[in-house]
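Protein chains in written order, with this note's numbering: chain A, 402 to 726; chain B, 492 to 746; chain C, 9 to 300. Don't be surprised by glycine CBs; every beta carbon is placed ideally from N, CA and C.
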Amino acid sequence: MSKYVSTKNIAVALAVAFALIFPHLGFKAYYLHIAVLSLLNILLALGLNLIAGYAGQLSLAQAGFFGIGAYVSALLMLNFKLSFWLAAPIAALCSALAAISIGVPTLRLKGPYFVISTMGFGEIVRQIFLNWQTVTRGPNGLTGIPAPDPISLGFVRLTFESRVENYYLILVVLLLVLVLYYNLVHSRVGRALRAIRNDYIATQVMGIHVAFYRILAFAGGAALSGLTGALYAGYIRFVSPDTFTTGESINILIMMVIGGMGTIIGPIIGAVFITYLLETMRVFAEYRLVIYGLLMFLVILYMPKGIAGMLEALWHRLHSWKKEA
Amino acid sequence: MLKCEALTMRFGGLSAVDNLDFQVNTGEIRGLIGPNGSGKTTLFNMISGLYTPTLGSIVFEGKPIAGLRPDQVTRVGIARTFQNIRLFGDMTVWENLLVGRHCRLRQTVFDDLFATSTKRREEAVAHEKLETLLKMFRMERLREELAKNLPYGSQRELEIMRAMASEPHLLMLDEPAAGMNPQETDQLMLQIKRLKELGFTVLVVEHDMKLVMSICDRITVLNYGKKIAEGAPKDIQAHPEVIRAYLGKQVKDSA
Amino acid sequence: MVQEFVQQVVNGLVLGSTYTLIALGLTMIYGILGIVNWAHSELYMLGAFVGVFFVVHMQLPFLVGLILAMIVMAGFGMAMDLLVFRPLRSAPEINMIIGTLGISIFLVQAAVIVFSPNPVRFPTEFSEAYLSFMGISITLQRLMVFCVTLVLIGFLNYFIKHTMIGKAMRACEQNKDAARLMGIDINQVSLVTCAIGAALAAAAGTLVGPIFLVSPQMGLATISKVFAVVILGGMGNVPGAIWAAFILGLAESLTAGFFSSYYKDVVTFCILITVLIIKPAGLFGRSQIEKV
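Structural data, given as structure tokens:
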């Protein structure tokens with residue numbers, strides 16, 4: 402068997418194929434909506450994973466960066482008639498710049514100090530959305546955000562007015578992001594981040610500028626969240642401060658932890674799993690949060706690599722059975 | 492190669508290192524000994540950039556390095572190990588070595604992001620060099636093991652290998668024989684001698700007198716942050732100040 | 009104008025007292041046990057609900073209810089030590105934060121289910137009575153918060169300085185391994201620290217509950233402030249926490265009174281972030297050079 406046709410790669414290919422044909426499988430529109438939200442949450446969880454899972458610094462500011470991306474993109478499109486394809490990267494850049502500006506002073510602080518700073522930042526951002534009424538229209542939010550500008554692919558013209566087109570747009574972005582993410586994680590940058598998480602003092606002595614890589618992870622995760630914000634704004638066509646709360650940051654954290662921090666499939670599994678449960682079990686709202694809280698505690702204590710870790714252990718066990726057979 | 496002048500490190504009112512003049516010559520194996528608390532690890536930390544000296548200067552291969560960040564010091568060509576092992580426990584042996592080599596890989600973040608040919612080329616070169624390193628220490632079959640699962644002796648060896656991965660000119664070993672049994676210590680002595688043959692300059696802090704006396708070209712003795720003796724092993728063994736500092740026990744044992 | 013100022017100072021002292029009682033437990037648990045307890049404010053919230061039970065449902069006098077609530081929550085604190093903190097002792101710090109954050113979510117939602125999803129009123133015999141002089145009025149309840157806090161700080165001080173277990177706690181804070189070698193039972197110290205921390209937080213909940221409303225989310229609103237207090241005072245620093253609590257309490261109420269209540273939280277965080285940038289160990293923290 403060639404090295405490309407391993408079990409893992411087949412599983413990945415199947416998952417991608419499933420994702421590609423999903424809208425045509427006959428599910429109700431509601432489920433397609435959940436699928437879109439899942440994709441967006443995957444991107445957010447991957448963003449958090451970069452700073453928390455790989456670099457080992459917990460951040461509760463993701464919703465803030467998400468919000469910055471959404472508002473910046475929306476405002477550029479509404480007020481300056483900028484094309485989505487220009488507004489979205491600018492929005493991601495703004496989120497990254499915000500991350501750098503609070504990251505530089507705070508990333509050298511110890512764990513809990515940094516977490517509090519990120520919480521503070523997230524709250525400040527939300528207060529700005531809420532109170533800078535002249536620009537953000539406060540609690541009313543921004544309505545009538547245009548969809549991403551149409552593009553012609555020769556034989557077909559995509560207007561992104563429909564849910565399906567948005568789904569594919571976000572899916573394609575996600576797949577591209579995943580390729581880059583994979584490259585980064587399996588490079589010396591990824592190794593440096595993991596080393597920093599293990600022992601940042603020893604890492605410095607290895608010739609690695611710890612502060613630089615921490616900021617890189619933080620800004621990278623923020624850029625990803627900002628981009629997601631732009632995609633979100635183009636899909637829902639409405640943004641308001643309520644979406645970008647610390648509670649939302651905690652939701653993303655729950656997804657990442659239960660799915661498996663510090664891996665690539667972890668955030669994917671976690672985001673899909675939790676988004677699905679969050680949306681379909683609204684009735685049991687109080688109960689599901691009780692379970693998530695307890696689950697997060699138990700997972701981080703006894704199964705730190707989450708569901709992904711469990712699957713990996715299972716796969717190793719199967720693999721060694723096959724070897725013996 | 493390395494020259495420290497009037498080096499002082501004060502913590503609050505206490506001088507851990509006091510007005511120290513200290514030199515290491517290229518190509519030698521230099522021992523640094525002294526009772527606990529004499530300032531040996533503080534000196535290491537100052538040279539490797541983890542502490543900024545209160546006073547004094549450190550010059551390495553003609554360039555001043557006092558106050559540089561630790562990663563800058565490593566890039567200049569000084570690598571060190573730690574007294575209590577600081578391996579990257581959740582990473583494999585191979586990955587630990589790759590991290591050790593980080594500063595010699597010359598690709599940029601963009602190369603990593605897009606997996607360009609530059610990145611692949613640099614990693615291939617690193618691959619070769621680290622493969623050689625693994626063979627030298629006969630640890631090839633351990634390359635996929637997590638560092639935290641290794642036996643103690645192998646962990647100590649990995650610490651040294653990781654420091655060598657950045658191809659330093661000066662290798663500083665902080666108590667490499669701590670916790671080793673006599674056979675492991677003998678093997679370590681051979682490996683350190685081999686380091687000298689390979690062209691490394693080595694600065695060793697150690698309490699194991701047998702090791703220090705047999706492999707070091709010269710030895711410096713510290714006490715209360717000051718240098719009390721310096722010279723060839725046989726001179727140190729007979730030095731009255733040194734004997735007094737150690738109360739005579741250990742030094743006599745190895746004579 | 010002066011009246012307004014004094015009024016806000018009074019409010020600030022009440023706020024400061026509240027933060028003090030909660031922050032003391034948090035900083036002790038960190039200093040002595042090395043655990044970052046993100047669920048600490050939930051002890052405050054649960055204390056309030058337990059207070060409601062004793063005073064409102066069982067019609068006991070307020071002070072009796074207060075003491076009972078402290079005792080009950082001290083027990084709860086010990087349970088938390090056994091079930092949550094002991095397993096987390098050896099975990100990396102980020103896992104500790106995530107784990108206790110999970111417990112925080114769990115406790116809040118459990119309170120919603122067990123007690124009430126909506127805010128609950130907590131009337132006591134002191135709620136209506138108030139003192140007034142020179143145009144300033146202060147309810148007896150608010151006065152009590154401040155006074156009881158001072159009394160509790162006094163007790164804590166005596167306890168830490170003059171009892172055997174208090175000395176053991178201080179030894180653990182200095183150097184856990186040495187303390188263990190000296191024969192100090194870390195587990196016992198652990199239980200006592202958690203019991204005290206929880207009791208103090210519960211006291212805050214019972215004292216403050218009657219002033220505002222008691223709800224499962226009341227802890228969440230304060231956790232970031234309490235952490236800000238602990239960080240500002242230097243993590244593990246008991247007197248530092250007290251100073252920082254009153255400084256931040258006063259800053260918050262003066263900002264709310266004279267500038268805008270929207271931005272009072274922003275001011276708190278800006279103070280915190282500025283201090284941390286200038287002095288990373290906090291106002292009173294000792295900057296520790298990490299041993300290599």
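Short CB-CB distance (under 8 Å) between residue i and chain A
i	result
residue 565/B	yes
residue 260/C	no
residue 586/B	yes
residue 257/C	no
residue 740/B	Because residue 740/B sits at a pLDDT of 49, beneath the cut-off of 50, its placement in the model cannot be relied upon, and the following sentence gives the value as read from the coordinates. No - not a single Cβ of chain A is within 8 Å of the one on residue 740/B.
residue 573/B	yes
residue 126/C	no
residue 131/C	no
residue 80/C	no
residue 579/B	yes
residue 531/B	no
residue 665/B	no
Any C-beta of chain C under 8 Å from that of residue i
i	result
residue 680/A	no
residue 507/A	yes
residue 518/A	yes
residue 693/A	yes
residue 708/A	no
residue 369/A	Coverage of chain A is limited to positions 402 through 726, which leaves residue 369/A absent and any answer about it impossible.
Beta carbon proximity, residue i to chain B, threshold 8 Å
i	result
residue 653/A	no
residue 452/A	no
residue 402/A	Below a pLDDT of 50, predicted positions are generally treated as unreliable, and residue 402/A, at 45, falls in that range; the measurement from the model is reported next regardless. Chain B, which has no Cβ nearer than 8 Å to the Cβ of residue 402/A, makes this no.
residue 532/A	no
Closer than 8 Å at the beta carbon, the chain E residues around residue i
i	result
residue 609/A	Going by chain labels, chain E is absent from the structure shown, which instead holds the protein chains A, B and C.
Cβ distance (whole Å) where residue i is taken to contact residue j below 8 Å
i	j	result
residue 634/B	residue 572/B	Not confirmed; about 19 Å, so no contact.
residue 178/C	residue 192/C	10 Å between Cβ atoms; not a contact.
residue 645/A	residue 527/A	6 Å
residue 658/B	residue 595/B	6 Å
residue 506/A	residue 285/C	5 Å
Unbroken beta strand (DSSP E) run spanning residue i, endpoints
i	result
residue 560/B	Neither: residue 560/B is in no beta strand (DSSP E) and is coded neither H nor E.
residue 714/B	709-714
residue 192/C	No beta strand (DSSP E) contains residue 192/C, which DSSP labels as neither H nor E.
residue 542/A	No beta strand (DSSP E) contains residue 542/A, which DSSP labels as neither H nor E.
residue 507/B	505-515
residue 500/B	493-502
residue 692/B	692-696
residue 570/B	569-571
Test item: CB-CB of residue i and residue j under 8 Å
i	j	result
residue 53/C	residue 213/C	yes
residue 596/A	residue 604/A	yes
residue 523/A	residue 464/A	yes
residue 631/A	residue 470/A	yes
residue 640/A	residue 475/A	yes
residue 532/B	residue 696/B	yes
residue 613/B	residue 597/B	yes
Residue i versus the options, residue with shortest Cα-Cα distance
i	options	result
residue 617/B	585/A, 589/A, 565/A	589/A
residue 232/C	521/A, 722/A, 488/A	521/A
residue 543/B	498/B, 603/B, 718/B	498/B
residue 468/A	408/A, 494/A, 431/A	494/A
residue 572/A	660/A, 711/A, 629/A	629/A
residue 118/C	693/A, 708/A, 702/A, 483/A	693/A
residue 545/A	636/A, 718/A, 487/A	636/A
residue 624/B	495/B, 527/B, 651/B, 639/B	651/B
residue 500/B	510/B, 564/B, 673/B, 699/B	510/B
residue 224/C	73/C, 90/C, 127/C	127/C
residue 642/A	530/A, 560/A, 683/A	530/A
residue 250/C	67/C, 175/C, 164/C	164/C
Extent of the continuous alpha helix (DSSP H) to which residue i belongs
i	result
residue 109/C	101-122
residue 609/B	608-627
residue 727/B	724-729
residue 258/C	246-266
residue 459/A	That residue, residue 459/A, is in no alpha helix (DSSP H); it is neither H nor E in DSSP.
Check: residue i C-beta below 7 Å from any heavy atom of the ligand SAM
i	result
residue 16/C	In terms of ligand content, the structure shown is empty, and the ligand SAM therefore cannot be addressed.
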